[in-house]
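The sequence shown begins at 2 in our numbering and counts up by one. All C-beta atoms, glycine included, are put in the ideal place defined by N, C-alpha and C.
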Amino acid sequence: MSGSSVKLFLLPVVFLFLATATAVFPVGEDSLTVVFWNLENFFDPRDDGGGAADTEFSSRGSRHWTWEKFFRKRDLVAKTLLWIGNRQGKLPEVVGIAEVENAQVLRSLCLSPPLKKAGYDYIHFDSPDHRGIDVGLLYLRSCIQILEVDQLPLVQGRDTLRTRSILRVRAEDRNGQRFVFLVNHHPSKFSGAEASRQARELAMRQLVTLCREAGDPVIAMGDFNDVPEASQFRLAEEVTVNLGARLCREEKESGSIRFEGKWQLIDFFLISPELDGRCRMSVCRPPFLQEWDGKHAGYKPFRTYSGPRYKGGVSDHFPVMLRIE
């Protein structure tokens with residue numbers, strides 16, 4: 002992307018920042034904001050020999066994924082974090098992310114022109130996922146001190162599943178409050194809901210074990226690839242509060258994805274019971290992340306691709322947000 006193209010694209014970002022300088026939903030100075038977002042195949046354009054998906058999302062691959070397209074998507078992600086920050090008066094301190102190819106993608110996001118001065122840093126591990134997509138975490142260095150990080154792959158017997166590991170981050174906020182953040186992207190239903198159910202149950206059992214071992218309040222976030230009422234979440238009832246289930250009861254049209262014209266909430270938060278009463282979850286729907294669904298009347302998330310066709314959006318998921326007062 003040429004320098005002039007970058008400047009032209011960033012003008013709307015700067016305008017948005019100035020136009021929404023007054024917080025619509027102000028939060029307390031001592032509050033903590035956590036965002037989770039599945040960024041849907043956020044690869045860099047290099048083909049590093051990482052498999053079919055790495056080749057597909059490269060400049061010479063079938064998607065023709067160029068640096069210009071990469072920078073557009075990256076800056077739209079940054080623009081969204083600014084939009085959230087402007088709405089509440091401060092940027093989110095913690096951002097969990099799913100479907101990124103590698104650490105370089107997260108580094109580029111942290112150093113993007115809209116976010117460079119914010120002071121975000123990132124945490125990432127390569128997971129055994131067969132498509133080469135991982136989870137990661139961004140955090141504001143001025144607000145969050147990282148104490149411990151590791152990743153836990155899903156193991157069944159002697160076999161490690163070729164899916165995303167759970168990222169575990171123990172951290173302390175500016176007020177000295179410690180948390181354990183668990184970033185999840187559970188196995189999908191691609192092979193069929195019933196055929197893949199066992200893998201999602203395994204992921205939930207792993208999550209429950211991590212909650213029991215945590216020692217500090219847990220904030221588990223992720224794309225769970227199932228609705229909050231699914232049976233596997235009953236495994237976590239004793240150790241977590243399911244904020245996704247609560248939001249679905251309170252808002253009938255709540256959802257982070259839109260499938261065949263119907264909203265579904267598959268991205269949400271599970272929290273330790275001691276945090277209940279201090280937390281509020283919501284789905285973020287900035288106007289620039291939406292497009293009209295001509296097949297099923299209504300708006301839907303603005304994707305990067307629709308099948309093989311490039312559209313220029315970010316993801317088929319909306320970001321979800323947790324505020325802790």
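Non-local C-beta neighbours of L276 in its own chain, meaning closer than 6 Å and more than five positions away in sequence, comprise P218, ordered along the chain. In this structure, the beta-carbon distance from D127 to C111 does not fall below 8 Å. Counting C-beta pairs closer than 8 Å gives fewer than three between the region 131 to 140 and the region 59 to 75, which falls short of the contact rule.
Per the coordinates, the alpha-carbon of H186 lies some 13 Å from the alpha-carbon of L162.
A direct Cα-to-Cα measurement between R259 and P274 gives close to 30 Å. No Cβ-Cβ contact shorter than 8 Å links D268 with N176.
For a cut-off of 8 Å, the C-beta gap from E94 to Y140 is around 6 Å, short enough to register as a contact. In its chain, beyond the 5 residues on either side, P188 and K190 have a beta carbon closer than 6 Å to the beta carbon of S197. T210 counts as exposed, since fewer than 16 other beta carbons sit within 10 angstroms of its beta carbon.
DSSP places W264 within a strand segment (E or B) once states are collapsed to three.
When secondary structure is reduced to three states using DSSP, E69 falls in the helix class.
In this structure, DSSP gives F303 a state outside helix and strand, which the three-state scheme calls coil.
Closest by C-alpha distance to L323, out of L290, L248 and C144, is L248. In this structure the region 80 to 97 lies against the region 137 to 154, because at least three pairs of beta carbons, one per stretch, are closer than 8 Å.
For S283, no alpha helix (DSSP H) run applies; the uninterrupted beta strand (DSSP E) run containing it begins and ends at C280 to V284, by DSSP. If you look at A237, you'll find it isn't in any beta strand (DSSP E); DSSP assigns it neither H nor E. The beta carbon of P229 sits closer than 7 Å to the beta carbons of N243, G245, A246, C249, L266 and F269 from its chain, once the five residues preceding and following it are set aside; these are given in chain order. Here DSSP, grouped into helix, strand and coil, assigns Q178 to coil.
Beta-bridge pairing by DSSP links R171 to E149 and V181. Cβ-Cβ separation between L148 and Q207: approximately 21 Å, too far for a contact (criterion under 8 Å).
Under a 10 Å Cβ-count criterion, A298 is classified as exposed, with fewer than 16 other Cβ atoms of the shown protein chains found around its own Cβ. In its chain, beyond the 5 residues on either side, L92 have a beta carbon closer than 6 Å to the beta carbon of G86.
Along the region 77 to 144, the alpha helix (DSSP H) occurs as fully enclosed runs of 4 or more residues at 104 to 111, listed in sequence order.
For M282, the CB contacts under 6 Å within the same chain, skipping 5 residues up- and downstream, are L244, L248, F270 and L323 in chain order. Exposed is the label assigned to A53, since fewer than 16 other Cβ atoms lie within 10 Å of its Cβ. Measuring C-alpha to C-alpha distances from G158 to each of R213, D49, A215 and L203 identifies L203 as the nearest. Per DSSP, A53 is one residue of the alpha helix (DSSP H) stretching across A53 to E57. By the Cβ-count criterion, P309 is exposed, with fewer than 16 other Cβ atoms from all chains shown falling within 10 Å of its own Cβ.
Within the same chain, and ignoring the five residues on either side of W264 in sequence, the residues whose Cβ sits closer than 7 Å to its Cβ are E254, S255 and G256. For the set L33, N42 and F37, the Cα lying nearest the Cα of Y311 is the one of N42. Between the alpha carbons of D294 and D135 lies a gap of roughly 29 Å.
For R47, no alpha helix (DSSP H) segment is defined, and its DSSP state is neither H nor E.
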